[in-house]
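Colleague:
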Amino acid sequence: MTDRGWEEYAGWWIDRFAADSDGDYRDQIIPLAVAELAGAATVVDVGAGEGQLGRALVAAHGCRVIGVDPTRQLVAAAVARGGLAVQAAADALPLAEASADATLVSLVLEHVDDLDAAVAEIARITRPGGRFALFLNHPIIQTPGSGLIDDYTIEPPERYWRLGPYLVEHAGVEQVERGVFLRYVHRPLSRYVNALADHGFVVERMIEPPPSPAFAGPDGEAATYPRLMYLRSRRMSDAGSVRDR
Ligand SMILES: C[S@@+](CC[C@H](N)C(=O)[O-])C[C@H]1O[C@@H](n2cnc3c(N)ncnc32)[C@H](O)[C@@H]1O
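For the sequence shown, the working numbering begins at 2 and goes up steadily by one.
1) Ignore the nearest five residues each way along the sequence and tell me which others in R206's own chain have a CB closer than 6 angstroms to its CB.
2) According to DSSP, which residues form a beta bridge with H171?
3) With a Cβ-Cβ cutoff of 8 angstroms, do A91 and V109 count as a contact?
4) Check whether the Cβ of L58 sits closer than 7 angstroms to any heavy atom of ligand 1, and report yes or no.
5) Which two residues bound the contiguous alpha helix (DSSP H) that contains G12?
6) Taking 7 angstroms as the line, does the beta carbon of P71 fall inside it for any heavy atom of ligand 1?
7) Do S50 and ligand 1 come close, with the Cβ less than 7 angstroms from some heavy atom?
8) Does DSSP put V120 in a helix, a strand or coil?
9) With DSSP collapsed to three states, give me the class of Q143.
10) Is H187 near ligand 1, judged by its Cβ being under 7 angstroms from some heavy atom?
11) Per DSSP, what kind of secondary structure is E156 in: helix, strand or coil?
12) What do you reckon, are the CB atoms on P145 and P166 nearer than 8 angstroms?
13) Give the secondary structure of L38 by DSSP, where H, G and I count as helix, E and B as strand, and everything else as coil.
14) Considering only residues of the same chain and omitting the five flanking positions on each side of R246, which have a CB-CB separation below 6 angstroms?
15) Is the beta carbon of F136 less than 8 angstroms from the beta carbon of F202?
16) Closer than 7 angstroms: is that where the CB of H112 sits relative to any heavy atom of ligand 1?
17) Just the C-alpha distance for E170 and Y185, rounded to the nearest angstrom, thanks.
18) Does W86 come out as helix, strand or coil in the three-state DSSP assignment?
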């Protein structure tokens, strides 16, 4: 499987997830992002895609949202939909130090190879005392090769969620839908939490929303499996780059 990257699948993303048609976005991600970012005057949305979260924030709070994304077609779509967006990757944000009251990163760091470089940049642009709102595909359940399996090799047949290796960092291309191949980096949850700590963020809240019916499977097999996780952290006032250990 080859990774043709986000430019290749920009249209797929827009049609499939950014058209108010995806249950997780509509019911979980958008309402949580809106609630968590209330009161922030300037929000930087890193890996903003075509800007659906930014539009929801502007509609709800009237704040200023700057979207940053390396995929040219998604930036163009964000601008065409009325957003403010620039083309850049998470590890080289074209924004001034402490210029964001809050940073938002939704389902992006799983696609970023250099986690520390990205978190260092997010810390640099988040003002001291500002929030960092992070959504991730839950690394505990979304391990490499994971998925709902119908096992007909046993009698009676069983349906279960297959887990791949959890504790090992792994970068590879996954078929996320028929014909759609994207690069994912799996990391244990501790790797994310420790990257935040190393770059001066203090975790304030972790939320594991119950999954949407679509993820739970036809008979609700995965209804108690956390598909999504959210971390709210705050940048310490005296944060340096990487703290002494
Ligand atoms: C799953 S989409 C999420 C889009 C948006 N955050 C949302 O929730 O609607 C992943 C996004 O990450 C972006 N991306 C991929 N590599 C990136 C990188 N190195 N830095 C920043 N964004 C990246 C892609 O272009 C894509 O827009």
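Quick reminder that beta carbons are idealized off the backbone N, C-alpha and C, glycines included. For clarity, every value in this text was computed on a predicted model and none was experimentally measured.
Modeller: On the basis of the data shown:
1) Numbered from 1 along the sequence shown, position 205 holds the residue referred to as residue 206. Here the set comprises R233.
2) Residue 171 sits at position 170 when you count from the first residue of the sequence shown. Answer is H187.
3) Start at 1 with the first residue of the sequence shown, and residue 91 comes out as number 90. Start at 1 with the first residue of the sequence shown, and residue 109 comes out as number 108. Yes, these two residues count as a Cβ contact at 8 angstroms.
4) On the sequence shown, residue 58 is found 57 positions in, with the first residue counted as 1. Incorrect: L58 has no Cβ contact closer than 7 angstroms to ligand 1.
5) Residue numbering aside, residue 12 sits at position 11 when the sequence shown is read from its first letter. Run containing G12: 11-18, per the alpha helix (DSSP H) assignment.
6) Looking up residue 71 in the sequence shown gives position 70. Yes, since a heavy atom of ligand 1 falls inside the 7 angstroms radius drawn around the Cβ of P71.
7) By one-based count along the sequence shown, residue 50 stands at place 49. It should be pointed out that residue 50 corresponds to Gly in this sequence rather than to Ser. With a threshold of 7 angstroms, the Cβ atom of G50 counts as near ligand 1, since some heavy atom of the ligand is closer than that.
8) Position 119 of the sequence shown, counted from the start, is the residue given in the question as residue 120. The answer is helix: DSSP assigns V120 an H, G or I state.
9) Walking along the sequence shown from the start, residue 143 turns up at place 142. Note: Q143 maps to coil in three-state DSSP.
10) Residue numbering aside, residue 187 sits at position 186 when the sequence shown is read from its first letter. Checking the Cβ of H187 against ligand 1 gives no.
11) Counting from one through the sequence shown, the residue named residue 156 turns up at place 155. Coil at E156, not helix or strand.
12) As a working mapping, residue 145 is identified with position 144 in the sequence shown. As a working mapping, residue 166 is identified with position 165 in the sequence shown. Closer than 8 angstroms, so yes.
13) Position 37 of the sequence shown holds residue 38. L38 falls in the coil class under three-state DSSP.
14) For the purposes of this step, residue 246 is identified with residue 245 of the sequence shown, where counting begins at 1. The predicted position of R246 is uncertain, since its pLDDT is 38 and thus under 50; a value taken from the coordinates is nonetheless stated next. Result list for R246: empty, nothing under 6 angstroms.
15) In the sequence shown, counting from the first residue as 1, residue 136 sits at position 135. In the sequence shown, counting from the first residue as 1, residue 202 sits at position 201. Going by C-beta atoms, F136 is not nearer than 8 angstroms to F202.
16) Taking the sequence shown and counting its residues from 1, one reaches residue 112 at position 111. Checking the Cβ of H112 against ligand 1 gives yes.
17) Along the sequence shown, read from residue 1 onward, the residue named residue 170 stands at position 169. Along the sequence shown, read from residue 1 onward, the residue named residue 185 stands at position 184. Roughly 10 angstroms between the two C-alpha positions.
18) Position 85 of the sequence shown holds residue 86. Note that residue 86 corresponds to Ala in the displayed sequence, not to Trp. Looking at A86 - three-state DSSP - the assignment turns out to be strand.
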